[in-house]
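If you number the sequence shown the way this note's numbering does, the last residue is 262 and the count never jumps.
Note that beta-carbon positions come from the ideal geometry of N, C-alpha and C, so glycine has one too.
In what follows, a structure is listed as structure tokens, so that the remarks can point back to it.
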Amino acid sequence: MNPDLQKLIALQDIDLKIAELHKQISEIPLKTGELEAKRQRAQSSYEAKDEAAKKLAERRRTLEGEVELARTRLARLKEQLMTVKTNKEYSAMLNEIKGAENQIRGEEDKILEVMEALETGDKELKLAEVAMREECAALQSDIDKVTAAAPALESELEQLQEEQAGVASQISRELMNQYRRIAGGRKGVALAEAKDELCSACHVRIRPQMYADLIRTEAILFCDSCSRILFYREPPKPESAQPSVE
Ligand SMILES: [Zn+2]
């Protein structure tokens with residue numbers, strides 16, 4: 017194989033790794049942002065439940081206050097009952113007493129309902145708090161992991177960029193320009209393996225003459241269809257064939 021082509025293959029490999037690293041690094045803020053938003057959602061969902069429980073407790077206190085007032089009124093009415101002079105006044109007073117007693121019973125029923133709801137709510141709230149704390153801790157640990165991976169990716173990128181410069185410096189300027197131009201318009205992939213008489217990138221059949229030239233000569237040839245630089249790899253000999261890792 018043309019030695020320049022071999023270097024281009026190595027360069028392509030490095031370039032694709034660099035592109036992948038750039039992608040991974042650029043996705044870090046997005047990933048941590050999503051995780052942070054999830055964490056905040058879990059927290060606000062719990063806080064809403066906590067707020068509802070507080071409102072319920074407040075309602076209980078209000079109802080208890082109302083019962084207290086009604087009891088005071090009832091006591092006063094019962095005192096006044098002793099001092100009435102006429103039957104008419106007496107029966108009016110009895111009606112008022114009955115009304116106050118009814119009110120107290122009604123409020124007490126409501127208090128019981130609220131207390132039951134509070135008890136159930138309290139258990140649910142405690143479970144929700146445990147679940148929320150677990151979820152938030154797991155999300156925070158994910159955020160930390162994603163953030164902690166950045167320096168390693170950055171240093172890997174730096175190392176690859178050095179390798180990239182090293183390999184690129186060994187390739188002729190003309191071929192490098194061709195490579196960059198082709199890669200630029202094709203998602204960074206400027207090379208394509210010629211295999212089974214097909215271009216492995218665009219899957220278009222290669223002319224037999226060109227395929228033969230690829231195998232036998234060191235000419236730099238381009239796919240007629242996608243214009244990528246074609247290369248041909250000798251198929252491994254059966255006895256020396258390595259098991260594929262892919
Ligand atoms: Zn092609």
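{"query": "Cβ-based burial, Arg197 [other Cβ within 10 Å; buried from 16]", "result": "exposed"}
{"query": "Identity of the residue in Glu150, Val100, Asp125 nearest Tyr62 by Cα", "result": "Glu150"}
{"query": "Residue(s) in a DSSP beta bridge with Ile245", "result": "Leu207, Phe238"}
{"query": "Beta-carbon proximity check, Ile159 vs Leu51, cutoff 8 Å", "result": "yes"}
{"query": "Three-way DSSP call (helix, strand, coil) for Arg221 in this model", "result": "strand"}
{"query": "Supposed close pair Ala208, Leu246 - CB separation, criterion 8 Å", "result": "6 Å"}
{"query": "Cβ-based neighbour list, Leu93, same chain, cut-off 8 Å, excluding 5 preceding and 5 following", "result": "Met109, Glu112, Ile113, Ala116"}
{"query": "Ala154 beta carbon near ligand 1 (any heavy atom closer than 7 Å)", "result": "no"}
{"query": "Buried or exposed by the 16-neighbour rule on C-beta atoms within 10 Å, applied to Arg249", "result": "exposed"}
{"query": "With 16 other Cβ atoms within 10 Å as the buried cut-off, status of Ala68", "result": "exposed"}
{"query": "beta-carbon Arg249 near ligand 1 non-hydrogen atom, thresh 7 Å", "result": "no"}
{"query": "Other residues of its chain near Glu145: CB distance less than 7 Å, five sequence neighbours each side excluded", "result": "Tyr62"}
{"query": "Other residues of its chain near Ile127: CB distance less than 8 Å, five sequence neighbours each side excluded", "result": "Arg76, Leu79, Glu80, Val83"}
{"query": "Boundaries (first-last residue) of the alpha helix (DSSP H) holding Pro19", "result": "19-97"}
{"query": "Proximity test, Arg244 beta-carbon vs ligand 2 heavy atom, cut-off 7 Å", "result": "No copy of ligand 2 appears in this structure; the ligands present are ligand 1."}
{"query": "Residue environment, Gln96, which counts as buried when at least 16 other CB atoms sit within 10 Å", "result": "exposed"}
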